[in-house]
Each structure stands twice: as C-alpha cells, then as structure tokens.
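In this note's numbering, the protein residues as written are 11 to 417. For glycine and all other residues, C-beta sits at the position ideal for the given N, C-alpha and C.
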Ligand SMILES: Cc1cc2nc3c(=O)[nH]c(=O)nc-3n(C[C@H](O)[C@H](O)[C@H](O)COP(=O)(O)OP(=O)(O)OC[C@H]3O[C@@H](n4cnc5c(N)ncnc54)[C@H](O)[C@@H]3O)c2cc1C
C-alpha cells in the first residue's frame with residue numbers, strides 16, 4: 011500500500027489553519043460548556059448556534075472538509091471538536107450522518123433539495139437524524155422491521171415502525187429513515203426515505219438517559235402511518251425497482267456498495283474517539299507533573315511515566331489508523347483489510363483504555379463529577395458500541411482478511 015502517492019504525514023498549511031481554527035473554538039466555546047451540558051443532558055442549542063455563526067455548523071464546512079485534497083480535514087476537525095467535548099461534538103457533527111446517507115443514496119436533485127435542510131442557516135438552525143437501528147435490529151440491521159409500503163394511487167410511501175437509539179431522534183427537522191420494502195430480501199430490500207419537517211405520523215418516543223455523551227440527544231422515533239411523497243425515496247423508484255430485481259436474481263452489488271460507504275465513514279467516528287483520548291492523555295500528563303506524593307511529582311514514578319508513555323503511543327497509533335483510512339476513503343482505494351473498521355475498533359478501544367488510565371493517574375481527583383476526566387471516561391465507552399460495536403468491527407476485519415463468510 012505504500013506505493014500510492016499523495017499521502018503525507020506533514021499537514022498542509024490549509025489543514026493546519028482549519029484544524030487550529032476548530033481547536034480554538036473547541037477550547038474557547040465547547041470545553042467551558044461541557045460540564046453544564048453533560049449535567050443538563052440536553053442538546054446544547056446555544057453552542058450549535060455559536061458554531062453556526064462562525065460557519066462551523068454548516069453544510070459548507072462539511073463539504074469543504076470532505077473536499078480537502080489531503081483527505082484528512084474532516085478527521086482533524088472531528089478530533090478537535092471531540093477534544094473539546096464528545097457530547098457537544100456529536101450535537102454538532104450528528105447531522106452529518108443524515109448528510110452521508112443523502113450523498114450516498116440520493117440523486118443530484120435530491121441532494122440539492124435536502125442537504126441544505128440538514129443545517130439551515132445561522133438565523134434558522136436545522137438538525138438532522140439518520141434512523142436505522144431498532145429494538146431487534148442493532149448489529150443485525152438485516153432484521154429491521156420498519157416497513158415502507160408504496161401507495162401507487164397517491165404516489166406516496168407509508169412508513170410504519172419504531173426506531174431506537176437515534177441521535178437527534180424526534181428533535182430533528184429532517185430524518186432519513188431506513189425501512190424494509192421487501193422483507194424477503196433482508197438488507198437488500200432496504201430503502202432510505204427523507205422525512206422532512208412538518209410530516210404527520212413521525213414523533214419522538216422515549217428519550218434515553220445515558221452513561222456518556224449526554225449533551226447529545228438520543229431517542230426513539232415512532233413512525234405511525236407516516237406518509238411521504240414518492241420523491242422522498244432516496245435514489246428514486248426506478249433505481250429501487252432495478253436494485254430489487256437484481257437482488258431477487260441473487261446480485262450482491264448494493265450490499266457491497268453499502269459496506270464500502272460504512273468503511274469510508276468509520277474513520278470520522280474513530281477520530282472523535284481520538285479526540286477524547288487526547289484530552290485525557292494531556293490532562294493526565296499535566297496532572298502527573300504537578301501532583302506530589304512522597305515529596306516528589308508522581309510522574310517520577312516509573313509506574314506513572316511508563317503508563318503515560320503507553321497512552322501516548324496508543325494515541326498516536328490510533329490517529330495513524332484514522333488518517334490512513336480517511337485518506338483511503340478520500341482517494342477511493344479499496345478497503346482490502348477493512349481499514350475503516352480497524353481505525354474504529356482501535357480508536358474506540360484506545361479511548362476507553364486511555365481515559366481509564368487517566369482516571370487512575372488522577373486518583374480520587376479523577377473520580378468525581380467536577381473532573382473532566384470522569385466525563386471523558388464515561389464518554390469514551392460509546393465508541394466501542396455505536397456505528398458498529400467492537401465485535402462487529404472484528405467480524406468485518408476477519409471477513410476481509412480471511413475471505414471466509416464468518417457470522
Ligand atoms: C448513544 C447512541 C447513539 C446512537 N445513534 C444512532 C443513530 O443515530 N442512528 C442509528 O440508526 N443507530 C444509532 N445507535 C444504535 C447503535 O448503532 C447500536 O446500538 C449498535 O449498532 C449496537 O446495536 P445494539 O445496541 O442493538 O446491540 P446488539 O446488536 O444487541 O449487540 C449486543 C452485544 O452483542 C454483540 N454481538 C452482536 N452480534 C454479534 C456477532 N455476530 N458476533 C459477536 N458479537 C456480536 C455486540 O457486539 C454487543 O456486544 C446509537 C446507539 C447509541 C447507544
């Protein structure tokens with residue numbers, strides 16, 4: 011893989027400038043607000059408004075970051091935001107999940123219509139949600155039950171079902187809902203629908219109280235005879251019919267394309283985990299230099315300094331896996347060894363490991379709610395669960411490297 015040109019570990023001036031700008035926002039606006047919004051367990055609207063005002067919460071920012079010639083800008087920005095606070099970062103980045111689904115599946119006209127509605131404008135902020143998971147369909151997405159029935163007479167789709175664990179669920183102005191149009195085809199019978207603001211039959215169900223990332227709203231989304239125009243089927247009816255016909259004949263193209271989309275988006279989630287890990291590592295390093303016990307700074311104990319050495323090494327290894335996968339996705343290089351999953355697996359587990367070590371280094375001072383390290387420890391855990399659990403990442407990697415159809 012080293013033969014490809016264009017990848018550099020030396021960041022360009024543009025990349026450094028944007029990453030520095032995002033870092034400044036994270037340090038000045040996000041971090042000071044982190045404790046408050048973690049305690050409130052609500053979407054931090056004033057912070058999103060602030061991010062929209064400076065252009066950070068906007069379609070333009072996400073589009074420019076995606077278009078970065080080096081392919082790393084979105085990963086850099088995600089790390090910086092999450093370094094500020096992971097829950098607030100997810101409130102800012104969460105709409106991008108719906109954006110990815112619209113970009114991956116929508117026609118150019120649909121993208122033109124719906125993408126701006128995921129963000130709105132600084133004076134009229136919108137948020138979006140991507141709803142796939144259900145109570146009986148988490149890791150096993152193929153068993154989802156939300157149905158989409160086509161009412162030909164009205165050229166409308168009728169959605170019924172309950173989605174769960176949805177980021178921005180029910181609060182969002184626009185939901186992209188994945189539903190089953192042909193149960194016999196499993197995941198090959200899935201299609202994605204845009205449910206815009208003001209649609210009848212969509213409502214928020216239970217809101218979840220969580221272990222971490224509590225400034226990010228997570229809830230059920232209930233669809234009850236929810237009707238959307240035929241034009242809201244992403245990709246359009248002709249493309250869906252052709253895809254279903256191919257699937258009935260045993261074709262696997264759609265599934266393979268979806269896998270490649272997932273692989274390409276995983277490094278951006280992984281970059282958020284790197285942001286939390288970095289925050290905890292930096293904090294623990296400073297603390298270990300200042301905290302004195304037995305008449306000397308605790309960092310002078312090898313037990314502490316070696317732990318910090320391991321934290322730094324794993325942190326950098328995680329970031330390198332993230333950058334490699336982000337760059338591969340950017341140039342369209344095939345993920346032969348599921349490099350996107352590798353980045354998500356390693357960064358998620360590294361964030362949990364590093365934040366746990368940071369609590370240990372701070373001792374009692376790391377165990378209390380006033381300490382950011384306590385929050386980072388709680389926040390890190392979600393990165394081994396959502397966007398594919400660690401076990402599912404291992405499954406994807408094992409399949410890719412073995413060629414064996416493991417289950
Ligand atoms: C805070 C939060 C936000 C979320 N946001 C969204 C969102 O915006 N949109 C959305 O659609 N979903 C979202 N999710 C859902 C998330 O993607 C799922 O929780 C995740 O995919 C795991 O599904 P599950 O919780 O049903 O666990 P299960 O699939 O029930 O897994 C339980 C355990 O079994 C293991 N397991 C399952 N299958 C296998 C296997 N084959 N081999 C080995 N182990 C296995 C899992 O790894 C896990 O340890 C969110 C979840 C949370 C908690």
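Hey, would you say the C-beta of residue i is under 6 angstroms away from at least one heavy atom of ligand 2?
i	result
residue 401	This structure lacks ligand 2; its bound ligands are ligand 1.
Provide the residue(s) that pair with residue i in DSSP beta bridges, ordered along the chain.
i	result
residue 130	135
residue 170	157
residue 306	303
residue 243	203
residue 228	177
residue 238	167
residue 144	147
residue 233	171 and 212
residue 63	Partner(s): none; residue 63 has no beta bridge.
residue 217	229
Assuming the contact rule is C-beta atoms closer than 8 angstroms, residue i and residue j should be a hit. Round their C-beta distance to whole Å, please.
i	j	result
residue 97	residue 225	3 angstroms
residue 330	residue 352	Going by Cβ atoms, the distance from residue 330 to residue 352 rounds to 11 angstroms, so no, they are not a contact pair.
residue 279	residue 397	5 angstroms
residue 168	residue 185	Not really, about 15 angstroms apart at Cβ, beyond 8 angstroms.
residue 231	residue 136	Their Cβ separation, rounded to whole angstroms, is 16 angstroms, which puts residue 231 and residue 136 out of contact at 8 angstroms.
residue 339	residue 274	3 angstroms
residue 363	residue 324	7 angstroms
Is residue i near ligand 1, with its Cβ less than 6 angstroms from a heavy atom?
i	result
residue 392	yes
residue 20	no
residue 356	no
residue 228	yes
residue 203	no
residue 177	yes
residue 148	yes
residue 140	yes
residue 353	no
residue 275	no
residue 396	yes
residue 143	yes
At 3 residues or longer, what runs of the beta strand (DSSP E) sit wholly inside the stretch 160 to 215? 166 to 177, 184 to 190 and 200 to 205
Could I get the ranges of all uninterrupted alpha helix (DSSP H) runs contained in the stretch 304 to 346, with 4 residues as the minimum, in chain order? Within the stretch 304 to 346, the runs of alpha helix (DSSP H) at least 4 residues long that lie entirely inside it are, in chain order, 312 to 341.
Just to confirm the assignment: which complete alpha helix (DSSP H) runs, minimum length 4, are found wholly within the stretch 11 to 99? 23 to 35, 41 to 50, 55 to 63, 69 to 76 and 83 to 94
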